[in-house]
Structure formats: C-alpha cells, structure tokens
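Residues 79 to 323 (our numbering) are what the sequence shown spells out, left to right. We put the CB at the ideal spot given by N, CA and C, even for glycine. The block underneath contains the structure these notes are about, expressed in structure tokens.
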Amino acid sequence: MKKVAVVTGASRGIGKSIAIKLAEEGYEVVINYNQSESDAKDTLKKVNKYTKGIIIKADVSNGEEVKKMAEKISEKYDCIDVLVNNAGAILRPGNWDKISEENFNKTLDINVKGVHNCINYLKPLLNKEKVTHIVNIASTVGENGAAGVLAYGAAKAAVINMTKSLAKEFAPNITVNAVSPGNIATDMTTSAGEELISWVCENTPMGRLGDPEEVAELVAFLASDKANFITGQIININGGYALGN
Ligand code: NAP
Numbered sequence: 079m080k081k082v083a084v085v086t087g088a089s090r091g092i093g094k095s096i097a098i099k100l101a102e103e104g105y106e107v108v109i110n111y112n113q114s115e116s117d118a119k120d121t122l123k124k125v126n127k128y129t130k131g132i133i134i135k136a137d138v139s140n141g142e143e144v145k146k147m148a149e150k151i152s153e154k155y156d157c158i159d160v161l162v163n164n165a166g167a168i169l170r171p172g173n174w175d176k177i178s179e180e181n182f183n184k185t186l187d188i189n190v191k192g193v194h195n196c197i198n199y200l201k202p203l204l205n206k207e208k209v210t211h212i213v214n215i216a217s218t219v220g221e222n223g224a225a226g227v228l229a230y231g232a233a234k235a236a237v238i239n240m241t242k243s244l245a246k247e248f249a250p251n252i253t254v255n256a257v258s259p260g261n262i263a264t265d266m267t268t269s270a271g272e273e274l275i276s277w278v279c280e281n282t283p284m285g286r287l288g289d290p291e292e293v294a295e296l297v298a299f300l301a302s303d304k305a306n307f308i309t310g311q312i313i314n315i316n317g318g319y320a321l322g323n
C-alpha cells in the first residue's frame, strides 16, 4: 500500500534528513519549502533514490498558501499517513531588548501559526482508515529557555503545549508527538557562530552537536505504526545538553 508523508521545511537541515529517511522507510514524500528551491530539488533527488515525491512551495505562516498546498496534495494523493511540522526559524537578533516587534510577530507566525496552519489544512487529508501520525519539531529552548532567543523559545513552548492538547483532541485516530532537539549541526546552529558552538560542545555530555540524521531516525520511529501507543509526548534528543551541570 502506498504511504505518504508531508514534511514541512524539507529543503534544508533536519527537514531534509527527515524527508530522505521517510523515503528510505517507503513513504512517498511531499517536500515543502519556502525560499530554497534548489535545495528542495536536491531533497527530491535523494528521495527519488528510494520512492517518489513532489515539491511544494508554501510559506507555512501564510494560511492561504498552506490551503493551496493542501489542495495540490489532494490532487496527487487520496490521503496522507504522516505530517511532520518541521519548518521553523530563529530571527536574529533575538535578545529580549533587541528583537523588533515585526520579528517577534514573525517568529510566532512561522513557528506557532505555521504548525496550526498545517494541522488545520492537512489534518483532513490524514487517512481515516488507520492510526496516522503528526510529529512536531519543538526545541530544548522551548522547555529550558535560553538567552538571546526570547520569541523563538516562547514559540517552541507553544508547540510543546499544542502537541499535548492536540494529542488529547485527536486520539484515538491520530498520534501527536514532538521531537525536541538540542543543538543539531544545521544552518540554524552554525549561524549562531563558532564561539557559541564550542561552548555548546563543551557543555554537552556527548561532546558534540547532533546530526540531522539522528533526529530523522527518531521522527521516523514516531511516524511508524510501532509508535501507535505513544501520544502527547515530547521526546528529547540533545546529547545530554539539557541535563545541566
Ligand atoms: P534550518 O537548517 O535553518 O532549516 C529550516 C527549514 O525550515 C528550511 O528548510 C526552511 O526552508 C524551512 N522554513 C523556514 N521558514 C519557513 C516557512 N515560513 N515556510 C516553510 N518553510 C520554512 O533549520 P533546522 O535546524 O533544520 O531546523 C528545523 C527545525 O528544527 C525547526 O523547527 C527548528 O526550530 C528545529 N530545531 C533545530 C535545532 C538545531 O539545533 N538546528 C534545535 C532545536 C530545534 P527554506 O530555506 O526553503 O525557506
């Protein structure tokens, strides 16, 4: 039977690795992106090694664009099995006294409203004949806070709370879980600068950044039928970083 997964923000970083991993697991993949078209094409090339996929451009913070994305998906597929809400962004400077009102709102729009838009328009496409899976990508920052990323941390805290509320609302047909990464080697982390990365590695028991492929493995498990009794959970993957000293 054909299985279909939608991964938002699958042009780069963690989303790209999730799309490729799900293809390896036999899913056809809808690769959403916003700005990085050539990267999205590269993801598709890698997905095509295992299954098939389509690329759809949509800014997840824009409800109309997400609605159109849902229409395009339903033209191509009868239903979907998995939705991974991965698209996210940190807008810098993000310090409490430096972030502009515009960037504060934009951060919430991408990271929180983006998740709601995708669930709002894509939930009706989830297969009603079986248990299906929504996986949200949260962040350690959403639970522990962090200096310099006030709006982003607040947004990820909201994603964590939405995950728990929706798990209750959508059971027993749909599981809703979040994967909460620590510091993963992607553009988002490297943009923070080498000094911060060295500090993070020194303060991570495993002594390094995580690989996006390691996050993808966890997402693929939560997206599989092996995880049908797991819902409303926030699963950490951070090399021990969040344990503190
Ligand atoms: P990244 O390398 O910066 O990639 C971000 C991805 O999100 C890109 O594919 C980007 O697509 C997409 N995106 C951003 N804004 C979008 C929008 N408005 N609409 C649609 N797509 C959008 O970041 P990453 O590290 O892979 O992060 C992926 C997720 O993991 C995010 O939710 C992030 O908050 C979370 N996370 C990351 C880390 C980390 O250490 N890296 C830690 C905790 C949580 P385009 O380039 O095409 O616009």
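Exercise. Considering only residues of the same chain and omitting the five flanking positions on each side of D117, which have a CB-CB separation below 8 Å?
Worked result: S89, R90, K94 and Y111
For this session: Kindly examine the ligand NAP and report whether one of its heavy atoms sits closer than 7 Å to the Cβ of Y111.
Result: yes
Exercise. So I188 and V257 are in contact, right, with Cβ under 8 Å, and what is the actual spacing, rounded?
Worked result: Not a contact, Cβ separation roughly 18 Å.
Exercise. By DSSP, does T210 sit in helix, in strand, or in coil?
Worked result: strand
Exercise. Name the DSSP beta bridge partners of Y155, please?
Worked result: Y155 is not bridged to any residue.
For this session: Please state if the CB of T86 and the CB of E165 are separated by a distance shorter than 8 Å.
Result: Checking the displayed sequence, the identity of residue 165 turns out to be Ala instead of Glu. Yes; because the gap between Cβ atoms is below 8 Å, this pair is in contact.
For this session: Please list the segments of the beta strand (DSSP E) lying wholly inside the region 208–243, counting only runs of 3 or more residues, in order along the chain.
Result: 210–215
For this session: Return the residue from the list L274, K146 and N222 that minimises the CA-CA distance to C196.
Result: K146
Problem set entry | Rounded C-alpha distance that separates E295 from N239 | Taking the straight line joining both Cα atoms gives about 23 Å.
For this session: Could you check the C-alpha separation between V193 and F182 for me, to the nearest Å?
Result: 17 Å
For this session: Check whether the region 143–161 touches the region 198–215, taking contact to mean three or more Cβ pairs, one atom from each stretch, closer than 8 Å.
Result: yes
Exercise. Is the region 123–140 touching the region 96–105, taking contact as three or more C-beta pairs under 8 Å?
Worked result: yes
For this session: May I ask you to check if the CB of T282 is nearer than 7 Å to at least one heavy atom of the ligand COA?
Result: Looking at this structure, you won't find the ligand COA anywhere; what it does contain is the ligand NAP.
Problem set entry | Separation of N205 from G220, as counted between CA atoms | 30 Å
Exercise. Near G347, what residues of its chain come up, given a Cβ to Cβ distance below 8 Å and the 5 sequence neighbours on each side ignored?
Worked result: Residue coverage of the chain in this structure runs from 79 to 323, which leaves residue 347 outside it and unanswerable.
For this session: Provide the residue span of the alpha helix (DSSP H) that contains L161, from first to last.
Result: Looking at the DSSP string, L161 is not in any alpha helix (DSSP H); the run it does join, the beta strand (DSSP E), is V160 to N163.
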